[in-house]
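A.B. asks: Just dropping this structure here.
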Amino acid sequence: MVLLITAALVPAVLTPKDMRDFAAQLLGAITFTSNVVLWTQTGYFAAPAVTKPLLHMWSLSLEEQYYLLVPIAMVLLPRKWWKSTVWTVFAISLALCLAFSASKPGATFFLLPTRAWELLLGCLAALGALPSSMPAFARRATWPAVAVIVLLPVFPCGLPHPGVDALAVCMATLVVLCAAHPHLGVNPISRALARLGDMSYSLYLVHWPLGALAASVWLTGQPQEARWALLAATFPASWLLYRYVEMPARKAPASRRILLLLAAGTAVLVVVALALYQAGSRDAKLDEAGGGNLGLADTCEYADAFSNRRECRTSESPRMMLWGDSQAMHLADGLAGFEGGVVQATKTTCGPLLGLSALREQARYDQTWARGCVSFNDSVLDHLKTASHIEVVVLSSWFSQYLEGGALIRDGAGLVDGTTNPGRAFKALQSTAVALRSIGKRVILVGPAPSSGFDVARCLDAARLGKVRLGMDSATCEISEEKFKENFSGVLRLLDRIERENVVPVIRLDRSLCSAGKCVVQEGQTPLYVDGGHFSHAGSRIVGTKLQLATRAFAQAR
């Protein structure tokens with residue numbers, strides 16, 4: 022029922038690309054593979070998770086896979102092997118989870134091999150595979166375990182999830198279940214929670230689609246009143262689902278008629294999913310934008326070392342190099358027409374600053390990634406030392422990742438953990454410019470594209486197709502220059518200092534694309550943006566031509 026109602030609402034709200042993603046999510050929900058589908062929909066240029074109406078189905082698919090596989094394994098394995106097998110699989114799953122939660126966050130979060138340990142803890146308790154001292158220990162540790170369950174969601178440890186936090190909560194839950202403390206089940210709070218728990222499945226099914234559709238409707242964030250209204254609507258809608266769908270379904274005896282109804286319902290949902298995918302494909306005018314913009318080729322997103330790939334350069338001996346993070350990537354098409362040739366050296370979130378990398382342990386940008394970023398930038402410089410044909414290096418970055426937060430910093434010959442700030446970012450850029458000039462290169466910097474916190478490409482697509490949008494002028498989708506300057510004040514101050522102290526010449530895109538308080542987002546009917554802050558391939562070519570970007574960069578670099 023929830024799937025069908027959600028499917029009926031999405032054509033009025035979702036853009037073609039998002040509608041195709043939803044169709045895949047719907048098929049995933051039907052086939053118990055939502056977690057796999059959603060894993061494939063993660064990525065740097067993917068739609069925000071909060072706008073995916075069936076994101077919450079990932080955990081149900083995970084459970085369904087578990088509850089299908091475990092009984093089969095128990096039938097196939099001799100009973101005497103059950104406990105040892107569960108312990109072995111538990112240990113392997115937990116080890117995989119802890120090993121890859123930072124470097125492979127999407128796969129670790131969504132897939133069964135790295136999440137099975139959480140479910141297997143309950144299996145260990147049910148099989149009596151825990152130490153004989155567990156009940157006594159659980160009784161002594163009940164209240165500390167309750168404290169962990171209550172406090173950890175509010176005060177997480179800050180490491181990647183799933184990981185230490187998930188392990189602590191699961192172990193605490195196991196303690197509470199094994200203790201079976203009499204006071205936990207009879208107090209008024211527990212009884213109220215139990216009543217809420219009776220309809221928790223319906224509540225879980227209903228709450229996320231409402232919020233996700235609202236997140237798609239409000240481009241610049243939902244007002245507080247709307248959030249409260251959604252919360253208020255969730256409970257009666259969940260109760261209706263619980264009372265008139267879930268409870269009758271539970272009580273209905275297994276029969277041929279029920280099986281036929283289930284089969285018919287499934288068939289209807291499959292047809293709906295295929296129809297939505299077809300509709301999304303038919304209306305997709307912005308397919309190019311939907312896939313992101315990694316530059317000259319998708320393989321121009323490097324890992325830990327630059328390798329001068331053929332598809333990432335426009336000639337055998339290019340005279341210009343484009344070096345930086347995703348803000349450099351989206352300039353590649355705009356520079357590709359340069360007759361002297363250009364080569365692209367880029368890695369997302371890794372700005373062209375020698376000896377400095379952002380470090381975010383709670384995200385995918387952990388120690389391993391940060392060391393890879395430093396290594397990549399070193400390899401670019403090494404290539405430039407031998408590439409005498411490259412005369413000009415165009416640098417570009419968001420730079421916001423270097424203004425605050427954790428950082429990996431080259432200190433002498435080694436790398437140390439630390440924190441970054443605008444001063445450190447300025448010195449790193451200054452050092453990079455000195456290093457480039459010492460090997461005979463001229464340097465220029467291109468600032469980030471204007472952005473103000475909403476997805477321009479989806480806004481334009483929604484406006485073209487008459488989708489429901491609130492929260493701003495959804496007809497023009499223009500970026501507010503004031504909002505851009507407010508959101509990027511730190512970056513703009515850094516660029517001002519770079520210009521003022523004559524470190525390198527700077528091309529400020531906002532000065533060319535913004536006027537009268539608004540920043541242009543399309544040329545005629547062609548969108549300039551691929552998302553909220555990067556140009557599409559076509560947009561990059563338009564901006565490059567209008568601003569004569571390649572010619573200016575080559576002429577002004579020094």
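Position one of the sequence shown corresponds to residue 22 (my numbering), numbered consecutively onward.
All C-beta atoms in this analysis are idealised placements derived from N, C-alpha and C, irrespective of residue type, glycine included.
(1) Can you tell me which residues form a DSSP beta bridge with PRO548?
(2) For PHE176, is the classification buried or exposed, using 16 other Cβ atoms within 10 angstroms of its Cβ as the cut-off for buried?
(3) What is the rounded straight-line gap between the Cα of SER338 and the Cα of VAL564?
(4) Under DSSP, the beta strand (DSSP E) around MET341 begins and ends at which residues?
(5) Taking C-beta to C-beta, are ALA428 and LEU380 nearer than 8 Å?
(6) Using 10 angstroms around the beta-carbon of PRO165, count the other beta-carbons present and answer buried if the total reaches 16, otherwise exposed.
(7) What would DSSP say about CYS371, mapped onto helix, strand or coil?
(8) On the criterion of 16 or more Cβ atoms from any shown chain inside 10 Å, does ILE411 qualify as buried, or is it exposed?
(9) Quick one: measure Cβ to Cβ for THR106 and LEU98, integer angstroms, because I've assumed they're closer than 8 Å.
(10) Would you report the Cα separation of ALA28 and ALA50, rounded to the nearest angstrom?
(11) By the DSSP assignment, the beta strand (DSSP E) with GLY355 in it spans what residues?
(12) On the three-state DSSP scale, how would you describe ILE460?
(13) Could you please give the first and the last residue of the uninterrupted alpha helix (DSSP H) stretch that includes SER533?
(14) When the Cα of ALA537 is compared with those of LEU261, LEU481, GLU503, which residue comes out closest?
(15) So, for TRP138: in the same chain, excluding its five sequence neighbours on each side, which residues have a beta-carbon less than 6 Å away from its beta-carbon?
(16) With distances taken Cα to Cα, identify the nearest neighbour of LEU515 among SER55, LEU117, LEU457, SER421.
(17) On the three-state DSSP scale, how would you describe ARG381?
(18) When DSSP builds the beta bridges, which residues end up paired with SER417?
(19) ARG248 lies in the alpha helix (DSSP H); which residues open and close that run?
(20) How would you label TYR298, buried or exposed, when you count the other beta carbons within 10 angstroms and need 16 or more for buried?
(21) Counting only runs of 4+ residues fully inside the region 97 to 182, write out the alpha helix (DSSP H) ranges in chain order.
(22) If I measure Cβ to Cβ from ALA449 and keep anything under 8 Å in the same chain, skipping five residues before and after, which residues do I get?
C.D. replies: On the basis of the coordinates in this document:
(1) GLN543
(2) exposed
(3) 25 Å
(4) 341 to 345
(5) yes
(6) That one is exposed.
(7) coil
(8) buried
(9) 6 Å
(10) 12 Å
(11) Segment 353 to 356 is the alpha helix (DSSP H) holding GLY355; no beta strand (DSSP E) there.
(12) coil
(13) 530 to 534
(14) GLU503
(15) PHE111, SER114, LEU115
(16) SER421
(17) coil
(18) GLY345, VAL467
(19) 245 to 262
(20) Here TYR298 is buried, its C-beta having at least 16 other C-beta atoms within 10 Å.
(21) 103 to 121, 126 to 131, 133 to 147, 155 to 172
(22) LEU374, LEU375, GLY376, LEU377, TYR423
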